[in-house]
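J.:
Numbering (this note's numbering), first residue to last: 54 to 375.
1) If the criterion is Cβ atoms closer than 7 Å, does the pair residue 89 and residue 284 meet it?
2) Leaving out the 5 sequence neighbours to the left and right, which residues in its chain are closer than 7 Å to residue 62 when beta-carbon positions are compared?
3) Where in the segment 60-140 do unbroken runs of the alpha helix (DSSP H), each at least 4 residues long, occur, reported from the N-terminal end onward?
4) Taking the alpha-carbon positions, what's the residue 195 to residue 345 distance?
5) Taking the straight line between their C-alpha atoms, what separation do you get for residue 293 and residue 92?
6) Would you tell me roughly how many angstroms separate the C-alpha atoms of residue 211 and residue 107, rounded to the nearest one?
7) Just mark residue 116 as buried or exposed, buried being the case when its beta carbon has 16 or more other beta carbons within 10 Å.
8) If you drop the 5 nearest sequence neighbours on each side, which residues of the same chain put their C-beta closer than 6 Å to that of residue 249?
9) Figure out for me which residue from 150, 156, 139 has the closest Cα to the Cα of residue 332.
10) Does the segment 137-146 touch the segment 178-192, meaning 3 or more C-beta pairs lie closer than 8 Å?
11) Go through the segment 183-233 residue by residue and report every complete run of the alpha helix (DSSP H) that reaches 4 residues or more, in order.
12) Leaving aside the five residues before and after residue 234 along the sequence, list all residues of the same chain whose C-beta is less than 7 Å from its C-beta, in chain order.
13) Could you spell out where the alpha helix (DSSP H) holding residue 338 opens and where it closes?
14) Would you check if the distance between the CB atom of residue 102 and the CB atom of residue 226 is smaller than 7 Å?
15) How is residue 362 classed by DSSP in three states: helix, strand or coil?
16) Using CA coordinates, which residue listed in 320, 334, 338, 355 is at the minimum distance from residue 74?
17) Just to confirm before moving on: does the CB-CB distance between residue 295 and residue 78 stay below 7 Å?
18) Tell whether a beta-carbon distance below 7 Å holds between residue 222 and residue 164.
19) Between the C-alpha atoms of residue 256 and residue 113, what's the straight-line distance to the nearest angstrom?
20) When you compare the CB positions of residue 119 and residue 245, do they come within less than 7 Å of one another, or not?
21) How far does the alpha helix (DSSP H) with residue 259 in it reach, from first residue to last?
22) Between 216, 172, 352, which lies nearest to residue 232 when the distance is taken from Cα to Cα?
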């Protein structure tokens, strides 16, 4: 997917409402996870999510008369992406939110772009380090330590939960450059690729969940309406409809501009956590989140010193959108 915007810049009203909708859907995902794990094992919550998301995206493929991937090579890579980009991180967030508030999970999700850069440079070699990017990474690392409350760590459930959420963001950060390195050159549409990815994640979790939990999945009628609604919202909205909306914005304003949704998601995660779940913040968590997002902005070239008009500047690399 090209990061270049279209030649004719669309009016703000054409893309801003969609971006705010995306930020709300993805930001509220952490609330839905927190509700879902009240009655569902994290593995089964993740399974329900990928199953619902697969159904929505396959339906879009039918409507658009597109097919799933056919090349064995693409299926091999989507199988890997299904694990590191969906099944594992979504399960880790579920485990994490059994121990920490949903708003903290939303904050940790914001570190994903900081993970993408070093993995892309050191492992997949699709990017290069610059002084500005290194400074951004260092600022982001300081922010991570502030969110974690590194000066006041006492172990226990809170520390374990935060580490699990951090690990989930790390897997997101690995999946993005992996996809760019091995799948981005494919002629497949984003919808077909994502549908294949979620189908692979569904198969993986359908096999692993019963073995790891030692029990069969609960029947839907044994769950509360709130939990069922949370699973459908996570899959149908967060992994289905939201993806289609994201593709629309990328076509309108380009991937780099569309990635600004990354900066709005923690705001919604914090707001719904406080207002709906009555969660509480300590002073250093939002401060740390702001420092992290500042580091992300610096590393992506969004915050930089002005250059002379005669010099050409490169467009910053697009931030990943979970």
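Beta carbons: idealized from backbone N, C-alpha and C, even for Gly.
T.: According to the structure shown:
1) yes
2) none
3) 65-89, 95-117, 125-135
4) 8 Å
5) 23 Å
6) 33 Å
7) exposed
8) 121, 122, 131
9) 156
10) No, they do not touch.
11) 184-201
12) Answer for residue 234: 177, 179, listed in chain order.
13) 337-352
14) no
15) Its pLDDT being 42, under 50, residue 362 is placed unreliably in this model, and the value from its coordinates should be taken loosely. The answer is coil: DSSP assigns residue 362 none of H, G, I, E or B.
16) 320
17) yes
18) yes
19) 20 Å
20) yes
21) 243-266
22) 172
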